[in-house]
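Asker: Here it is: the structure, laid out below.
There are 4 protein chains.
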Amino acid sequence: MPKIVDEQMREATRQHILHEAAKEFARLGFDQANINLIAEKAGIGKGTIYLYFENKRELFLAMLRFIAQSQLAAIRGALAQHGNLQMRLEQLFLAFVRLAEKESDSFNVYMSALYGVNRAFRTEATKLLRDYVAVIALVLEEAQVRGEIRVRNIDTTALMVLSLTESFILSARVLGQSEQTLVTQASQTAQFIMQGFVASV
Amino acid sequence: MPKIVDEQMREATRQHILHEAAKEFARLGFDQANINLIAEKAGIGKGTIYLYFENKRELFLAMLRFIAQSQLAAIRGALAQHGNLQMRLEQLFLAFVRLAEKESDSFNVYMSALYGVNRAFRTEATKLLRDYVAVIALVLEEAQVRGEIRVRNIDTTALMVLSLTESFILSARVLGQSEQTLVTQASQTAQFIMQGFVASV
Amino acid sequence: MPKIVDEQMREATRQHILHEAAKEFARLGFDQANINLIAEKAGIGKGTIYLYFENKRELFLAMLRFIAQSQLAAIRGALAQHGNLQMRLEQLFLAFVRLAEKESDSFNVYMSALYGVNRAFRTEATKLLRDYVAVIALVLEEAQVRGEIRVRNIDTTALMVLSLTESFILSARVLGQSEQTLVTQASQTAQFIMQGFVASV
Amino acid sequence: MPKIVDEQMREATRQHILHEAAKEFARLGFDQANINLIAEKAGIGKGTIYLYFENKRELFLAMLRFIAQSQLAAIRGALAQHGNLQMRLEQLFLAFVRLAEKESDSFNVYMSALYGVNRAFRTEATKLLRDYVAVIALVLEEAQVRGEIRVRNIDTTALMVLSLTESFILSARVLGQSEQTLVTQASQTAQFIMQGFVASV
DNA sequence: TATGAATGAGGTTTCATTCAT
DNA sequence: AATGAATGAAACCTCATTCAT
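Residue numbers (numbering that gives the first Met the number 0), protein chains in the order written: chain X, 0 to 200; chain V, 0 to 200; chain W, 0 to 200; chain U, 0 to 200.
Encoded structure:
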């Protein structure tokens, strides 16, 4: 059954293109990134890329989904660990610090898409935002079930938590704070949040 | 003294170009925005724009400084009002809600610059971020002097406050929350922050 | 072996572009010549020209080398014929008359490059000048070996010969002398030169 | 009579513009030279230049006449001195060496115009060429009257002399020969020419 | 007369996309 | 399926020239 082998090959090539595309888009942004160069770096012909993606826009969107998946997996992994809510919030914070450090390119691409002007890109980036909020909301719900906290609006609170982790970390990074410094703030921030929950009652 | 009149005219034209540029850059982003179209919308000749700005890049930077100034003035105005810290935090929140609503274009331009790939743009956008933090830090310091709160690291805390207002609001807007809804969360968020300060002691 | 066919096609297209470029550059000069028009006249797309030449400057240089090659070949051919020095000098003279007539465009391009302000163009044009001198010097050397003449400095003398043929003819053409008239001066000029050699002894 | 003073002022300004124009045209060529820059260097307003010259083309032509006058004066001066023909030819040669050295810019402008593509420029440059030939022809005629030489066609011979001085020197300069070296060839070249006259009988 | 702000035509070059092989 | 040669739209920027002051 060569069909399956072909299918695997095709998927492998697709992934390879996405990887190279992510690098280029992160390095230069959507407009300045060069499709031909992406093809070249992926070791395929200029035209071949169009056998996998309809056009530059679709390639960018696919790449956006690609890095979203990867980031969400990292966040899910961090929150999957056991422990009380404060410990989990610390893990979430640390996970974002790691991502902001190691996948800063992906973050830039994602943020550009989220606040950029292209409607299609924004829609796609918003999905990741929604997923983040959903994952955090789930954790908060569990904590509520276990009686650790009591919050009025889970989704709004989840968004606050996200702002105090992801956005806070990104801003801090932009302002020049080192990964080191940020790591030491994990516990403090988690406390800040936990304490804040009192207000939500 | 015709010099002054000319000087005024010149400044007026400059401002006019910046306004139109802001609209176009917000609508299309730096790369897709068209200098010719900006000139046309500003009601001047193609070449005239280059009598006011060296090139497209410089025009963008000037516009960035322009909207930064305007936004910072709005925030400063909101915080200038008297009242205790919680009331001021509410005002800050409401100010950002208003800005996110009325100057959403400016926010998009600013965020794109902050997380985009162009180093010069990022540097300029970072300045505004720093200014925001500085303004909030000032308010926190005053509150501390008055004994309302006691925080360890003023700047880090200010950044947390900013994340829980600006970033939170922007994310909420992206997720579709109405201005109306956000306004009702001003008090809640301010409480959340005030409560969180307990953790910082 | 489709490679060879493609290679041939490519070379043919290159030559074709060079021909059209030569015509346009000769007609309008480097600055006024229009790449779009050259492409159009060559029957190819605007962008295609950049698949063969890096930019306008490189196209011009390539064309300069192209016409230099062609002119030098004509001169070499003229001097290759047997006969004593005077006969060869006559042949040289006649060859230049023919070139000045049939390839006047090339001459204009070449002279413009030689005395123009663009350093790169001048360097390239100087090469042709050097080649001319070298070819003539070779003939003089042979004549000296055969005892026909005795000259002190071969290169300087060769440059004199060149001045009395190429430059003389170009000036005469500019002053309106017909090809006809010039042809009748071949013998006279050759005699002038031969006689002049007596001075060099 | 302020009229005369004004007239003098006007002529002075004209000359000044021409001087600056000559420098810029020599430095950059007709197309690359910038009218605004010429005006600035001449210390006058952009628009003022158009009160003295109809347009860029006319300015260039005026400048061409300007440097032609100056060069011709130098050549006339060199040939005015007494002595036999050979001595005068030596003087002519030396005069061109000096010009090629000190007024190399003017020479480039002149040669570019002479062999360039602009018909109007070529016509103007040709006038100088004609003048050169006429001046030399006059000297030859005098020498013939005095019985020093006997030539068939004075004008053709004059052109030969010009080729063996001006063109020879320009070529030699392009090929890198120093002024020093060229000066030592004055006598040799004059001899070459004198000897060549024998052929013309 | 002198000025210089304003104009807009014009041209090189890039690059996403197509399509014949 | 894969390729890459060919295409041409699109845009920034310059600069000669005009004209109101």
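The beta-carbon is built from N, C-alpha and C at its ideal position, and this holds for glycine as well.
Determine the burial state of Ile3 (chain X): buried for a count of at least 16 other Cβ atoms within 10 Å of its Cβ, exposed for fewer.
Answerer: exposed
Asker: What's the call for Glu10 (chain V), buried or exposed, on a 16-neighbour Cβ count within 10 Å?
Answerer: It counts as exposed.
Asker: Is there a C-beta anywhere in chain X that falls below 9 Å from the one on Asn117 (chain V)?
Answerer: yes
Asker: At what residues does the alpha helix (DSSP H) containing Glu89 (chain X) begin and finish?
Answerer: 84 to 101
Asker: Could you tell me whether any Cβ in chain V is nearer than 9 Å to the Cβ of Asn107 (chain X)?
Answerer: At least one C-beta of chain V is nearer than 9 Å to the C-beta of Asn107 (chain X).
Asker: Leaving aside the five residues before and after Phe95 (chain X) along the sequence, list all residues of the same chain whose C-beta is less than 7 Å from its C-beta, in chain order.
Answerer: Thr164, Glu165, Ile168
Asker: Determine whether the Cβ of Leu174 (chain X) lies closer than 9 Å to any Cβ atom of chain V.
Answerer: At least one CB atom of chain V sits nearer than 9 Å to the CB of Leu174 (chain X).
Asker: Are there three or more Cβ pairs, one per stretch, closer than 8 Å when the segment 121 to 141 of chain U is compared with the segment 127 to 141 of chain W?
Answerer: no
Asker: What are the boundary residues of the alpha helix (DSSP H) that includes Ala119 (chain W)?
Answerer: 118 to 144
Asker: With 16 as the cutoff for other CB atoms within 10 Å, does Gln179 (chain W) come out buried or exposed?
Answerer: exposed
Asker: Can you confirm whether the segment 182 to 193 of chain X touches the segment 70 to 89 of chain X when touching is taken to mean that 3 or more C-beta pairs between the two stretches lie within less than 8 Å?
Answerer: Contact between the segment 70 to 89 of chain X and the segment 182 to 193 of chain X is established, with three or more Cβ pairs separated by less than 8 Å.
Asker: By the three-class DSSP mapping on this structure, what secondary structure does Thr188 (chain X) have?
Answerer: helix
Asker: For the candidate residues W:Ile148, W:Asn54, W:Phe92, W:Ala61, whose alpha-carbon lies nearest to that of Ala124 (chain W)?
Answerer: W:Ala61
Asker: Is the segment 33 to 45 of chain W touching the segment 65 to 84 of chain W, taking contact as three or more C-beta pairs under 8 Å?
Answerer: no
Asker: Is the shortest distance between the beta-carbon of Arg149 (chain U) and the beta-carbons of chain W less than 9 Å?
Answerer: no
Asker: State buried or exposed for Thr183 (chain U), treating a residue as buried only when at least 16 other CB atoms are found within 10 Å of its CB.
Answerer: exposed
Asker: Would a check of beta-carbon distances place Met0 (chain X) closer than 9 Å to chain V?
Answerer: Low confidence applies here, because Met0 (chain X) scores a pLDDT of 48, under 50, leaving its location unreliable; read the following figure in that light. Interface with chain V (9 Å Cβ-Cβ cutoff): Met0 (chain X) is excluded.
Asker: Kindly indicate if chain X contains any beta-carbon less than 9 Å away from that of Arg64 (chain V).
Answerer: no
Asker: Is it buried or exposed for Leu58 (chain V), if we count other Cβ within 10 angstroms and need 16 for buried?
Answerer: buried
Asker: Can you round the beta-carbon distance between Leu128 (chain V) and Ser177 (chain X) to whole angstroms, since I take them to be within the 8 Å contact cut?
Answerer: Not really, about 17 Å apart at Cβ, beyond 8 Å.
Asker: Out of curiosity, what's the CA-to-CA distance linking Met27 (chain U) and Thr122 (chain W)?
Answerer: According to the sequence provided, residue 27 (chain U) is Leu. The question's Met does not apply to it. The straight-line gap from Cα to Cα measures roughly 16 Å.
Asker: So the candidates are U:Met193, U:Ser103, U:Gln143; which of them puts its Cα closest to the Cα of Ala25 (chain U)?
Answerer: U:Ser103
Asker: Determine which residues of the segment 137 to 164 of chain W have a Cβ less than 9 Å from any Cβ of chain U, and write them out in chain order.
Answerer: Arg151, Asn152, Asp154, Thr155, Thr156, Leu158, Met159, Leu161, Ser162, Leu163, Thr164
Asker: Could you give the residue range of the alpha helix (DSSP H) that holds Val160 (chain U)?
Answerer: 153 to 161
Asker: Hey, does Leu113 (chain X) have any beta-carbon neighbour from chain V nearer than 9 Å?
Answerer: Yes, Leu113 (chain X) lies at the interface with chain V (some Cβ there is under 9 Å from its Cβ).
Asker: Let me make sure I understand the geometry here. Which of U:Arg56, U:Met8, U:Asn54, U:Ala21 has the alpha-carbon closest to that of Ser69 (chain U)?
Answerer: Among U:Arg56, U:Met8, U:Asn54, U:Ala21, the Cα nearest to that of Ser69 (chain U) is on U:Ala21.
Asker: So, helix, strand or coil for Val150 (chain U), using DSSP?
Answerer: Val150 (chain U): coil per DSSP, three-state reduction.
Asker: Exposed or buried, Glu23 (chain W), counting other C-beta atoms within 10 Å across all chains shown (16 or more means buried)?
Answerer: buried
Asker: Comparing alpha-carbon positions, which option in V:Arg97, V:Lys55, V:Thr156 lies nearest Gln194 (chain V)?
Answerer: Selected option, being the one with the closest Cα: V:Thr156.
Asker: For a cutoff of 9 Å on Cβ pairs, would you count Phe59 (chain W) as touching chain U?
Answerer: no
Asker: Nearest-angstrom Cα distance between Arg149 (chain X) and Glu141 (chain X)?
Answerer: 11 Å
Asker: If you drop the 5 nearest sequence neighbours on each side, which residues of the same chain put their C-beta closer than 6 Å to that of Phe29 (chain U)?
Answerer: Phe59
Asker: Keeping to the same chain, check which residues put their C-beta closer than 7 Å to that of Leu181 (chain U); ignore five residues upstream and five downstream.
Answerer: Cβ neighbours of Leu181 (chain U) beyond the five flanking positions: Val96, Ile168, Ala171.
Asker: So what's Asn54 (chain W) in DSSP terms, helix, strand or just coil?
Answerer: coil
Asker: If I measure Cβ to Cβ from Glu19 (chain U) and keep anything under 7 Å in the same chain, skipping five residues before and after, which residues do I get?
Answerer: Correct list, in chain order: Ile37, Lys40, Ala41.
Asker: Under a CB-based cut-off of 9 Å, is Ala99 (chain V) close to chain X?
Answerer: no
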